[in-house]
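Visitor:
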Amino acid sequence: MITLESVSKRYGSQTVIHDLSFSVEKGEIVGFLGPNGSGKTTTLRMIAGYTTASAGRVSVAGYDMATQNDTAASHIGYLPEHPPLYDTLDVTAYLRFVAKAKGVARSEVASEFDRVVAACRLEDVARREIYKLSKGYRQRVGLAQALLGKPQVLLLDEPTIGLDPGQLHEARDIIRSFGAEHAVLFSTHILSEVTMICKRVAIINNGRLLAIDSPSGLQQALEQTNRVSLQVTAPVDELRQELLSVDGVRSVEVEADGDRLQVECQIEPRDGVEAAIARAVAPRWPLHSLGRQEPTLENIFLQYVSEG
Amino acid sequence: MKGALAVYQKELRLYFRSPIAYFVMAIFLVGTGYFFTYSIFLTGNARMTETFQNMAILLLLVLPVVSMRLFTSEYNGRTMELLATLPLRPWQIVLGKFAGAVTILLLMTAGTLIDVVPLYLFGNPEGMTILSGYIGFILLGMTCLAIGQLFSALTQNQIVAALITVAVLLAFWFIANAQRFQTSYAWRNVLGYLSFSRHFEEFVQGLVRTESVIFYLVVCAIVLVLNTSYLRWQR
Numbered sequence: 486m487i488t489l490e491s492v493s494k495r496y497g498s499q500t501v502i503h504d505l506s507f508s509v510e511k512g513e514i515v516g517f518l519g520p521n522g523s524g525k526t527t528t529l530r531m532i533a534g535y536t537t538a539s540a541g542r543v544s545v546a547g548y549d550m551a552t553q554n555d556t557a558a559s560h561i562g563y564l565p566e567h568p569p570l571y572d573t574l575d576v577t578a579y580l581r582f583v584a585k586a587k588g589v590a591r592s593e594v595a596s597e598f599d600r601v602v603a604a605c606r607l608e609d610v611a612r613r614e615i616y617k618l619s620k621g622y623r624q625r626v627g628l629a630q631a632l633l634g635k636p637q638v639l640l641l642d643e644p645t646i647g648l649d650p651g652q653l654h655e656a657r658d659i660i661r662s663f664g665a666e667h668a669v670l671f672s673t674h675i676l677s678e679v680t681m682i683c684k685r686v687a688i689i690n691n692g693r694l695l696a697i698d699s700p701s702g703l704q705q706a707l708e709q710t711n712r713v714s715l716q717v718t719a720p721v722d723e724l725r726q727e728l729l730s731v732d733g734v735r736s737v738e739v740e741a742d743g744d745r746l747q748v749e750c751q752i753e754p755r756d757g758v759e760a761a762i763a764r765a766v767a768p769r770w771p772l773h774s775l776g777r778q779e780p781t782l783e784n785i786f787l788q789y790v791s792e793g
Numbered sequence: 096m097k098g099a100l101a102v103y104q105k106e107l108r109l110y111f112r113s114p115i116a117y118f119v120m121a122i123f124l125v126g127t128g129y130f131f132t133y134s135i136f137l138t139g140n141a142r143m144t145e146t147f148q149n150m151a152i153l154l155l156l157v158l159p160v161v162s163m164r165l166f167t168s169e170y171n172g173r174t175m176e177l178l179a180t181l182p183l184r185p186w187q188i189v190l191g192k193f194a195g196a197v198t199i200l201l202l203m204t205a206g207t208l209i210d211v212v213p214l215y216l217f218g219n220p221e222g223m224t225i226l227s228g229y230i231g232f233i234l235l236g237m238t239c240l241a242i243g244q245l246f247s248a249l250t251q252n253q254i255v256a257a258l259i260t261v262a263v264l265l266a267f268w269f270i271a272n273a274q275r276f277q278t279s280y281a282w283r284n285v286l287g288y289l290s291f292s293r294h295f296e297e298f299v300q301g302l303v304r305t306e307s308v309i310f311y312l313v314v315c316a317i318v319l320v321l322n323t324s325y326l327r328w329q330r
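Taken in sequence, the protein lines are chains A and B. Heads up: the first sequence runs through residues 486 to 793, numbered per the numbering used here. Heads up: the second sequence runs through residues 96 to 330, numbered per the numbering used here.
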């Protein structure tokens, strides 16, 4: 549904997106993770047709966004980072305008309106002017306009920002329900959201795609660089030497924490390394704790971003 | 066309949900009423000629206020991203917005018809001359709105858009005055031809010349095409 092939974006001499390639299929929800300024919004804007790629090819529902932008637009529902709302219009007038602009047939405008209002729980505010709405409702009105016209592709730029926990839950349900029949690409800062909703995660930093895989796939990939952390009271140099002599330990980082040393060992991905570390350390110095860090999505994200 | 209609309806709603349209209409109608009363008592003739000339100057100052928000408000409200990604072609956006602004112009013009009533009640005015004046007035207004809309797309600031538009409109209004500094016959002709006031003067005198009608329509079309091209280029 969404395909990016070696896409780059330049503003003047500055390249903000470098050689980005990935695709999102129908029935798939892909989370787009990256720190601020990493290129998430620019990428979504290129897919939505707001800006064009400087190089490479973006296609949506089979249409090339460089040449068939207008045709492709009717297959895209897009919620930008700041919900694009006309403050002085009421919710009904706004959604009706978007429905008509999306080419929804006159006879279907009412039913389409009812559908998105129900999906985004906007019944209570349908007649209210948009400037009177809370941030959460504004976000939902923005989401509702994206859903109008039953687009095949949904692009959501930080759709859950500013929502309270109850609204967050609802918004996730909405996105999840649309993920069954649409191709959904949404950017977020909230890592737990990605594990809850997405089939795949794309991690981007400095305009480069660092990884794209399922949350569990990313976890497995990073298990190869597993870490063991331990707390020991010992002389730094001797401890470091001892640990590096253990078979399977790749590197050691030591940080003093009062009497205790906080040690992080990068180990090879095989069983028994932790036990070997314990056998090497425990007889000589007091070992306060020893544990293997399972990579959480947060660790994975931070590691990719710091490496990238 | 459906897309342009959706944009048009949205523009009209936005105009009437903000105080700008009401203020502009009120100022224009009060101003026109004043000029009308003044001219009638001064000349004692049942005609609209002087009133039309003053209305035109007022129009040049008032219409930029109508056109200034057309695109700047989309930029400032971050709704341009919506318009540009909806299945709307740039010409539909430009035409829809232009039609919305022209509707305000037509409403303003309709409001001035009240001045014609006493002319018919107490005198015997030339109906065709008044009609021709109104045709010129609307054509001039449409051209002003198209120019204002283009400058509204070119800047993010409403005040800047309005001021540039006023400056450009006044320049085209008085451009014929520059003729006296030209010795070249060709240049004098060009300056005279570009003058908004020269063409408008003909309508006011009751002369609907195809050349003048085409002049306003062509300027309008060129500016709207530039506006469309600018939107396309923005992508």
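Backbone N, C-alpha and C fix where the C-beta goes; we use that ideal spot for every residue, glycine too.
What's the gap between the Cα of F380/B and the Cα of L153/B?
Guide: Only positions 96 to 330 of chain B appear in this structure, which leaves residue 380/B out of reach.
Visitor: Considering only residues of the same chain and omitting the five flanking positions on each side of N219/B, which have a CB-CB separation below 8 Å?
Guide: Locating residue 219/B in the second sequence gives position 124, counting from the first residue. Excluding sequence neighbours, N219/B sits near A141.
Visitor: Provide the residue span of the beta strand (DSSP E) that contains S672/A, from first to last.
Guide: As a first step, residue 672/A must be located in the first sequence, where it is residue number 187. Start and end: A668 to T673.
Visitor: Quick one: which unbroken beta strand (DSSP E) runs of 3-plus residues sit fully inside the region 106-194 of chain B? Chain order, please.
Guide: Complete beta strand (DSSP E) runs here, min 3: none at all.
Visitor: Between G236/B and L200/B, is the Cβ-Cβ spacing less than 7 Å?
Guide: As a working mapping, residue 236/B is identified with position 141 in the second sequence. As a working mapping, residue 200/B is identified with position 105 in the second sequence. Closer than 7 Å, so yes.
Visitor: Measure from the C-beta of S113/B to each C-beta in chain A and report whether the shortest distance is under 7 Å.
Guide: Your numbering for residue 113/B matches position 18 in the second sequence. It does; some Cβ of chain A falls within 7 Å.
Visitor: Express the C-alpha separation of I514/A and I317/B in angstroms, rounding to a whole number.
Guide: The count along the second sequence starts at 1 and reaches residue 317/B at position 222. The count along the first sequence starts at 1 and reaches residue 514/A at position 29. Looking at the two C-alpha atoms, the distance is approximately 46 Å.
Visitor: In chain A, what lies closer than 8 Å to A192/B by C-beta?
Guide: Here residue 192/B is taken as the residue at index 97 of the second sequence, counted from 1. The sequence shown places Lys at residue 192/B, rather than the Ala named in the question. Going along chain A, no residue has its Cβ under 8 Å from K192/B, so there is no contact; the nearest lies around 13 Å.
Visitor: Measure the CB-CB distance between S672/A and D698/A and report whether it falls below 7 Å.
Guide: As a position in the first sequence, residue 672/A is number 187, starting the count at 1. As a position in the first sequence, residue 698/A is number 213, starting the count at 1. Not closer than 7 Å, so no.
Visitor: Please tell me whether T323/B has its Cβ less than 7 Å away from any Cβ of chain A.
Guide: Locating residue 323/B in the second sequence gives position 228, where the first residue counts as 1. Taking Cβ atoms only, chain A never reaches closer than 7 Å to T323/B, which makes this a no.
Visitor: If we cut at 7 Å on Cβ distances, does Y535/A have a partner in chain B?
Guide: Here the question's residue 535/A lines up with position 50 in the first sequence. Judged by the 7 Å Cβ criterion, Y535/A is in contact with chain B.
Visitor: Helix, strand or coil, according to DSSP, for H560/A in the structure here?
Guide: Your numbering for residue 560/A matches position 75 in the first sequence. Reduced to three states, the DSSP call for H560/A is coil.
Visitor: Is it the case that the region 542-558 of chain A contacts the region 179-190 of chain B, given that we only count it when at least three CB pairs across the two stretches are under 8 Å?
Guide: In short, these stretches touch, since the Cβ pair count reaches three.
Visitor: Find the residues of chain A that neighbour R347/B, judging by a C-beta separation of less than 9 Å, and give them in chain order.
Guide: Any property of residue 347/B remains undetermined from this structure, which presents chain B solely from 96 to 330.
Visitor: Mind listing which residues of the region 585-597 of chain A have their C-beta closer than 8 Å to chain B's C-betas, in chain order?
Guide: Hits within the stretch, in order: K585, A586, K587 and G588.
Visitor: On the three-state DSSP scale, how would you describe D609/A?
Guide: Along the first sequence, read from residue 1 onward, the residue named residue 609/A stands at position 124. D609/A: helix per DSSP, three-state reduction.
Visitor: So if DSSP puts A540/A in a beta bridge, which residue, or which two residues, is it bridged to?
Guide: The residue you call residue 540/A lines up with position 55 of the first sequence. DSSP, once it has assigned bridges, lists S493/A as partnering A540/A.
Visitor: May I ask which residues mark the beginning and end of the beta strand (DSSP E) holding V739/A?
Guide: Counting from one through the first sequence, the residue named residue 739/A turns up at place 254. From DSSP, the beta strand (DSSP E) with V739/A extends over V734 to D742.
Visitor: Within the same chain, show all residues whose beta-carbon is closer than 8 Å to that of R613/A, passing over the 5 residues directly before and after it, in chain order.
Guide: Reading the first sequence from its first residue, position 128 is the one you call residue 613/A. Once the five neighbours on either side are set aside, the close Cβ partners of R613/A are D575 and V576.
Visitor: Checking 7 Å against the spacing of the C-beta atoms, do L155/B and W268/B come in under that value?
Guide: The residue given as residue 155/B occupies position 60 in the second sequence. The residue given as residue 268/B occupies position 173 in the second sequence. Yes, Cβ-Cβ distance for L155/B and W268/B is below 7 Å.
Visitor: For E566/A, tell me which candidate among R625/A, T573/A, S491/A and A665/A has the shortest Cα-Cα distance.
Guide: Position 81 of the first sequence, counted from the start, is the residue given in the question as residue 566/A. With distances taken between Cα atoms, E566/A lies closest to R625/A.
Visitor: So, helix, strand or coil for E614/A, using DSSP?
Guide: Here residue 614/A refers to the residue found at position 129 of the first sequence. DSSP places E614/A in strand when its eight states are reduced to three.
Visitor: How about A558/A: is its C-beta nearer than 7 Å to some C-beta of chain E?
Guide: Of the chains in the structure shown, none is chain E; the protein chains are A and B.
Visitor: Taking all protein chains shown into account, do 16 or more other C-beta atoms lie within 10 angstroms of the C-beta of A760/A, making it buried, or fewer, making it exposed?
Guide: Position 275 of the first sequence, counted from the start, is the residue given in the question as residue 760/A. The residue is exposed, with fewer than 16 neighbouring Cβ atoms inside 10 Å.
Visitor: Does DSSP put Q251/B in a helix, in a strand, or in coil?
Guide: For the purposes of this step, residue 251/B is identified with residue 156 of the second sequence, where counting begins at 1. Coil.
Visitor: Please confirm whether A578/A has its beta-carbon closer than 7 Å to some beta-carbon of chain B.
Guide: For the purposes of this step, residue 578/A is taken as residue 93 along the first sequence, with counting starting at 1. Yes, contact with chain B.
Visitor: Would you say the region 685-695 of chain A touches the region 654-668 of chain A, given that touching needs at least three Cβ pairs under 8 Å?
Guide: No: the two stretches stay apart, fewer than three of their Cβ pairs being nearer than 8 Å.
Visitor: Just checking, does the region 537-552 of chain A make contact with the region 486-496 of chain A on the three C-beta pairs under 8 Å criterion?
Guide: Segments in contact, yes.
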